[in-house]
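K.L.:
Numbering (UniProt numbering), first residue to last: 1 to 367.
For glycine and all other residues, C-beta sits at the position ideal for the given N, C-alpha and C.
Input: one structure, supplied below.
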Ligand SMILES: Cc1cc2nc3c(=O)[nH]c(=O)nc-3n(C[C@H](O)[C@H](O)[C@H](O)COP(=O)(O)O)c2cc1C
């Protein structure tokens, strides 16, 4: 039964399961609607969509489900300085272009990130949730989203980031542990110390964030089933945001080679890398990562978003050709628990399993 004093109810969540926004095509309208149908909250990662595409995607979702959904953007970040590594970065990927029959790679240029237009489309999209990663949501966007009755979420990878997000006015903090697939949301301090040796795992991060902020906490990273959801609730989270487990669903949009890689990889075969985009992100280790991040080639990776623009033609061609060795195979460390199945069925099972894990716990505790 719902109650107005329950933090999850106040946040407008029907259940503890949130399907993570996954920019790059994983989170199709069909996936979002199926997650909603199964009892969770579907999200669109819209960072790489134009304003027009955001409007179209939202219309597509509204045509499939009347239930609330969310839209996520990358917080605007200052443009990087021109990089002295451009020639080396181009040289690193040129042989791969040749291998895939692509023209020689070109030095990437910085395009306007279009955040303001994206946000304007988001405001009119009918979404019930606005979330950001990579930084604080700009103050005017928090005010505008709240004025439309939307809930605002921000992503933190440390306690300091969670506190900064709370001060910026978010309604809840997504605490993203180091197990998480895809990009790290980090935006304060040194998020890339000694190749990620300082990253904080979900188990350690969630209770420390829950103690530090007054807003609800959503746990994210390595959570794949009812056991993980129950654990996150025990750590003080009100909900979980799960990415990898939804990526292998029938309705999810990554290239088939990406789904296959998740279904066949081991838990120790992912790594946090800057090779694809210039920002740290966790994916399954492949040839591209190993060559581009060869320690002997230090300095061959451009800052975000230049490296992302540089590698895009290669990734697109690799997706079409089914060449997993050149794809950004984003995945979290829980990948052995991924299955290929319909998303509504998965979501309903996640909720059922969470209930049964929680009701079995007292007996386990006695044992
Ligand atoms: C393919 C992929 C794309 C992602 N894109 C986004 C994104 O656009 N915005 C965002 O806030 N988080 C993004 N994430 C991170 C998720 O929000 C979440 O933190 C992560 O998936 C949780 O870890 P898990 O994959 O182990 O469940 C992405 C994750 C994956 C796997």
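Please state the DSSP three-state secondary structure of residue 281.
P.N.:
Strand at residue 281.
K.L.:
Over the uninterrupted alpha helix (DSSP H) stretch that includes residue 12, give me the two end residues.
P.N.:
No alpha helix (DSSP H) contains residue 12, which DSSP labels as neither H nor E.
K.L.:
For residue 248, which residues of its own chain have a beta-carbon under 7 Å away from its beta-carbon, when the five flanking residues on both sides are left out?
P.N.:
Contacts found: 259, 262, 263, 338, 339, 340.
K.L.:
In the DSSP assignment, the beta strand (DSSP E) including residue 173 goes from what residue to what residue?
P.N.:
Residue 173 -> beta strand (DSSP E) spans 172-176.
K.L.:
Would you identify the three-state DSSP class for residue 186, choosing helix, strand or coil?
P.N.:
Looking at residue 186 - three-state DSSP - the assignment turns out to be coil, as it is neither helix nor strand.
K.L.:
Less than 7 Å between the CB of residue 179 and some heavy atom of ligand 1, yes or no?
P.N.:
Flag set: Cβ of residue 179 near ligand 1.
K.L.:
Would you call residue 70 buried or exposed, if buried means 16 or more other Cβ atoms sit within 10 Å of its Cβ?
P.N.:
Classification of residue 70: buried, given that the 10 Å Cβ count is 16 or more.
K.L.:
Measure the Cβ-Cβ separation of residue 205 and residue 174 and say whether it is below 8 Å.
P.N.:
Cβ distance not < 8 Å, so residue 205 and residue 174 don't count as in contact.
K.L.:
Residue 311 lies in the alpha helix (DSSP H); which residues open and close that run?
P.N.:
Residue 311 -> alpha helix (DSSP H) spans 306-321.
K.L.:
Mind reading off the beta-carbon distance from residue 313 to residue 277? Whole number of angstroms is fine, and I expect it under 8 Å.
P.N.:
Between residue 277 and residue 313 the Cβ distance is about 14 Å, and since that is not below 8 Å, they are no contact.
K.L.:
Assign residue 52 to one of three DSSP states: helix, strand, or coil.
P.N.:
Three-state DSSP puts residue 52 in a helix.
K.L.:
Which ranges would you report for the alpha helix (DSSP H) in the segment 84-136 if only whole runs of at least 4 residues count?
P.N.:
Runs found: 86-99, 115-123.
K.L.:
Do you know offhand how far residue 208's Cα is from residue 124's?
P.N.:
About 36 Å.
K.L.:
With three or more C-beta pairs closer than 8 Å as the rule, is the segment 36-50 touching the segment 344-361?
P.N.:
Touching, yes.
K.L.:
Which residue from 213, 156, 256, 203 puts its Cα closest to that of residue 233?
P.N.:
For residue 233, the nearest C-alpha among the options comes from 203.
K.L.:
Sort out for me which residues DSSP pairs residue 19 with in a bridge.
P.N.:
Partner(s): 242.
K.L.:
When you compare each of 148, 139, 135 to residue 155 by their alpha carbons, which one comes out closest?
P.N.:
That would be 135, whose Cα lies nearest to the Cα of residue 155.
K.L.:
Taking residue 93 and residue 105 to be in contact with their CB atoms under 8 Å, please state how far apart those CB atoms are, rounded to whole angstroms.
P.N.:
Yes, they are in contact, since the Cβ atoms of residue 93 and residue 105 sit about 5 Å apart, within 8 Å.
K.L.:
Does DSSP put residue 272 in a helix, a strand or coil?
P.N.:
Looking at residue 272 - three-state DSSP - the assignment turns out to be strand.
K.L.:
Does the count of Cβ pairs from the segment 174-190 and the segment 137-147 closer than 8 Å reach three?
P.N.:
These segments do not touch.
K.L.:
Taking the DSSP output, what are the residues bridged to residue 220?
P.N.:
Residue 220 is bridged to 176, 241.
K.L.:
By the 10 Å Cβ neighbour count, where 16 or more other Cβ atoms means buried, how is residue 268 classified, buried or exposed?
P.N.:
It counts as exposed.
K.L.:
List the endpoints of the continuous alpha helix (DSSP H) containing residue 347.
P.N.:
Element bounds for residue 347: 343-366.
K.L.:
Check the DSSP bridge columns for residue 198 and list the partner residues they point to.
P.N.:
Residue 198 is not bridged to any residue.
K.L.:
Quick one: does the C-beta of residue 22 sit closer than 7 Å to a heavy atom of ligand 3?
P.N.:
The model on display carries ligand 1 but not ligand 3.
K.L.:
I need the straight-line Cα distance from residue 52 to residue 121, nearest angstrom please.
P.N.:
C-alpha separation (whole angstroms): 7 Å.
K.L.:
Specify, as a first and last residue, the run of the beta strand (DSSP E) that residue 151 falls within.
P.N.:
Residues 151-156.
K.L.:
Compare the C-alpha of residue 226 against each of 148, 360, 95 and name the closest.
P.N.:
Residue 360 is the option with its Cα nearest to residue 226.
K.L.:
Determine the contact status of residue 63 and residue 179, defining contact as a CB-CB distance below 8 Å.
P.N.:
Cβ atoms of residue 63 and residue 179: not closer than 8 Å.
K.L.:
Alpha carbon to alpha carbon, how far is residue 7 from residue 215? Give it in angstroms, no decimals.
P.N.:
C-alpha separation (whole angstroms): 8 Å.
K.L.:
With distance defined between alpha-carbon atoms, name the residue in 115, 61, 176, 148 nearest to residue 47.
P.N.:
If we check each option's Cα against that of residue 47, 115 comes out closest.
K.L.:
By the DSSP assignment, the beta strand (DSSP E) with residue 70 in it spans what residues?
P.N.:
Run containing residue 70: 69-74, per the beta strand (DSSP E) assignment.
K.L.:
From the DSSP secondary-structure annotation, give me the bridge partner or partners of residue 43.
P.N.:
The partner list for residue 43 (beta bridge, DSSP) reads 70.
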